[in-house]
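Asks: These protein sequence lines are chains Y and S, in that order. Following this note's numbering, the numbering of the first sequence begins with 1 at its first residue and continues without gaps. Following this note's numbering, the numbering of the second sequence begins with 1001 at its first residue and continues without gaps. The beta carbon of each residue, even a glycine, is placed where N, CA and C say it ideally should be.
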Amino acid sequence: MKTHKISQPLSSAGVHLVLGGYTLLALFPIMLILINAFKSRAGIFDDPLALPNAETFFIGGFEKVLAKSHFMLYFGNSLTVTLISLALILLFGAMAAWALAEYKFRGNRLLALYLAIGIMVPIRLGTVSILELIVKLDLINTLTALILVYTAQGLPLAIMILSEFIAQIPKELKEAARCDGVGEFKIFFQIILPLIRPAVATVAVFTMIPVWNDLWFPLILAPGEETQTVTLGVQQFIGQYVTDWNSVLASLSLAVIPVLIMYMIFSRQLIRGLTSGAVK
Amino acid sequence: MKRMPWHIAVFLAPAVLVYSVFSALPLLDTLRLGFYATTDTGSTHFAGLSNYLTILTDPAWSAAFWNAMWNNCKFFFIHLLIQNPIGLVLATLLSLKGLKGARHYRTLIFLPTLLSVVIIGFIWQLILSPLWGVSEGLMAKVGLADYFAPWLGQESSALITLALISVWQFVGIPMMLIYAALLAVPEDIVEAAHVEGASAWRIFWEIKLPLILPTLGLVTILTFVGNFNAFDLIYSVKGAIAGPNYSTDILGTLFYRTFFGYQSQVGSPTMGAAVATLMFLVILAGVGTYFYFVQRKLTRYEL
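Okay, structure coming up:
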């Protein structure tokens, strides 16, 4: 009984052909870059599809990227910005979500609506004034500027997802704690926060990726050599070395590889987070 | 039970503060700045609708604006007509019962979505480059060598090519959202229809598709907002000038050039704010339409 849906009208082989074909299409460009990053210039041009062999193996591109650009610095910057923004979004977001979901107070719905505007209206549209503000605060070319803007960018969605989740927490848990005289802050930090961990994972996924990949705000708020993120650093590096194929391919690979490793480790949680977040 | 308002305020304060100062107020301030003009000395004064009149009626400005607007619409329609149907097909196949390896397909197809648009842009630029010849070589293998062209460099095809690159990267999002919606379709309805003798094809069109329509609406509006706010891909592949001959210029790149200036033109924060305001209105119109038509049927997404 359970197999009837696949037997017709599409045969199982046809389904695998379509999905396999599309998977190939999705992976081919990335694989091609990774393969050729480890080849000499001659190897890259003579046979782009071949794997590196003893004759064509060459890692001069990587050596050059690491020597000519501050790649490790960019990487550290991206990591700092992403992790601190993420921590702030999750903490502030969970606190606000708890307040909105748990307490009845005047203006609750209005405040929720105000915060929700940021889900649909991109923060980029306020760039002119954001830049002005960051200049006024003397935060231009600092990672702090990026962290503040990304935190503001991530909060609306975080609050929406987390308050949906908090609303589902059984009342008895909180009431029991209150009867024992536990304070509201203790309830939040010791009972609620551990309970919403699965939702936190979902929010982390939605929040982290756009922050790590963003070009716009690093380009405008922190273009200085010391504060470049990986995305901006690679963009600028490639602009400079556009004809040096080894370096270009190596810098692209250096940007891709950390994400691939993270994805290999976390893909299951990530996709579960995505699909469960979407069903809500 | 005592509920002192002060602890509510403490819970809300950090989020409301950061969000207001760095997102909501700058947005409002940008809308305000759109009504101001900058003088040569850098001071600003109220100028009413003059920025908007310039953008919409001054020949030099309006040509650039409508070109970017029209390109942006094309960019969006290509996504709508190609990305979402492909996402729907992939999600439908993935949700088939008893499909082996569904998890692996899903994971791998979603991979490009995670990478930076900048990186994806450069990767495709290399692959499509006539200098490297990878695409030409592949096409030659199936006898299509004559059809190869430097698509990214031609005025007639650059925008479409960029849109397709973006579709290629982001097809994972509609796929995942639709997939999740398909999994949420109650099993007993499908089973009942099957017992009644409905074919898989009919079950899909008459039961599953109507049930996932809200998700298709959500995907469409997410794509719309993303597209009318896009910048990174065009900027990294084509630069702020969005060549050749502005054929890939969209609102995001126009905004950037207006704000920061390029070549001989001096940037203007107030003109930039006016362009941003127009982008805001476009996005608002799209989101408004979505809520008006789609959201009414969709109780779970309400906030």
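1) Verify the CB distance criterion: does PRO946(S) have a CB-CB separation below 9 Å to chain Y?
2) Does the Cβ of GLN228(Y) have 16 or more other Cβ atoms within 10 Å, making it buried, or fewer, making it exposed?
3) With H, G and I counted as helix, E and B as strand and the rest as coil, what does DSSP make of THR1044(S)?
4) So if I threshold CB-CB distances at 8 Å, which residues from the segment 195–215 of chain Y count as touching chain S?
5) Please check the pair TRP1258(S) and VAL1275(S), which I expect to be a contact at CB under 8 Å, by giving their CB distance rounded to whole angstroms.
6) Using the beta-carbon of each residue, which ones in chain S are nearer than 7 Å to MET120(Y)?
7) So which residues on chain Y does HIS1007(S) lean against when the C-beta distance must stay under 7 Å?
8) Classify PHE1065(S) as helix, strand or coil using the three-state DSSP reduction.
9) Could you tell me whether the Cβ of VAL18(Y) comes closer than 9 Å to any Cβ of chain B?
10) Cβ of TYR1105(S) less than 9 Å from any chain Y Cβ?
11) In chain order, what residues of the same chain have a beta carbon less than 6 Å from the beta carbon of ILE123(Y), not counting five sequence neighbours either side?
12) Please classify PHE57(Y): does DSSP put it in a helix, a strand, or coil?
13) Distance, Cα to Cα, ALA1068(S) vs LEU66(Y)?
14) Going along chain S in order, which residues have a C-beta closer than 7 Å to the C-beta of PHE105(Y)?
15) Give the DSSP-derived three-state secondary structure of GLN1265(S) in the structure shown.
16) Would ILE1109(S) pass as an interface residue toward chain Y - the criterion being a Cβ-Cβ separation below 9 Å?
17) For GLN269(Y), which residues in chain S fall below 9 Å Cβ to Cβ?
18) List the whole-angstrom C-beta distance separating LEU1096(S) from VAL15(Y), where the pair is believed to meet the contact cut-off of C-beta under 8 Å.
19) Could you give the distance in angstroms between the alpha-carbon of VAL279(Y) and the alpha-carbon of THR1054(S)?
20) Quick one: using the 10 Å Cβ neighbour count with 16 as the cut-off for buried, is GLN235(Y) buried or exposed?
21) Keeping to the same chain, check which residues put their C-beta closer than 6 Å to that of ILE134(Y); ignore five residues upstream and five downstream.
22) Hey, THR80(Y) and LEU143(Y) are a contact pair by Cβ (cut 8 Å); roughly how many whole angstroms apart?
23) Give me the Cα-Cα distance between ALA87(Y) and LEU1138(S), rounded to the nearest whole angstrom.
24) Across which residues does DSSP place TYR1036(S) in a beta bridge pair?
25) For VAL1294(S), which of PHE1011(S), PRO1059(S), LEU1216(S) has the nearest alpha-carbon?
26) For MET1279(S), return the contacting residues in chain Y, with the cut-off set at a CB-CB distance below 9 Å.
Replies: Let me spell this out:
1) This structure leaves residue 946(S) out entirely; chain S is present only between 1001 and 1303.
2) Buried, by the Cβ-count rule.
3) In the structure shown, the three-state DSSP call for THR1044(S) is strand.
4) Contact annotation: in the segment 195–215 of chain Y, residues whose CB is within less than 8 Å of a CB in chain S are ILE209, TRP212, ASN213, ASP214, LEU215.
5) Reading the sequence as shown, one finds Thr at residue 1258(S) and not Trp. Contact flag correct, Cβ pair sits at about 5 Å.
6) Result: VAL1225, VAL1287.
7) The answer, in chain order, is GLU184, PHE185.
8) Collapsing the DSSP output to three states places PHE1065(S) in a helix.
9) Among the chains of the structure shown, chain B does not appear; the protein chains present are Y and S.
10) Closer than 9 Å to the CB of TYR1105(S) there is at least one CB belonging to chain Y.
11) Within the same chain, ILE123(Y) has close Cβ partners GLN153.
12) Three-state result, PHE57(Y): strand.
13) Their backbone Cα atoms lie some 38 Å apart in a straight line.
14) The answer, in chain order, is PRO1005, ILE1008.
15) Per DSSP, reduced to three states, the secondary structure at GLN1265(S) is strand.
16) ILE1109(S) has a beta carbon lying within less than 9 Å of a beta carbon in chain Y.
17) Under the 9 Å cutoff, chain S gives no residues; its nearest Cβ is about 11 Å from GLN269(Y).
18) With a beta-carbon spacing of about 6 Å, LEU1096(S) and VAL15(Y) fall inside the 8 Å limit used to define contacts.
19) Reliability of the predicted coordinates at VAL279(Y) is poor, the pLDDT of 43 falling under 50, and the value obtained from them is presented with this limitation in mind. Roughly 46 Å separates the two Cα atoms.
20) With 16 or more other Cβ atoms inside 10 Å of its own Cβ, GLN235(Y) counts as buried.
21) The residues are ILE140, ALA145, LEU221.
22) For THR80(Y) against LEU143(Y), the beta-carbon gap comes to about 6 Å, under 8 Å, which counts as contact.
23) Going from the Cα of ALA87(Y) to the Cα of LEU1138(S) covers about 46 Å.
24) Note: TYR1036(S) sits in a beta bridge opposite PHE1046(S).
25) Nearest to VAL1294(S) by C-alpha distance, out of PHE1011(S), PRO1059(S), LEU1216(S), is LEU1216(S).
26) In chain order: PRO122, ARG124, LEU125.
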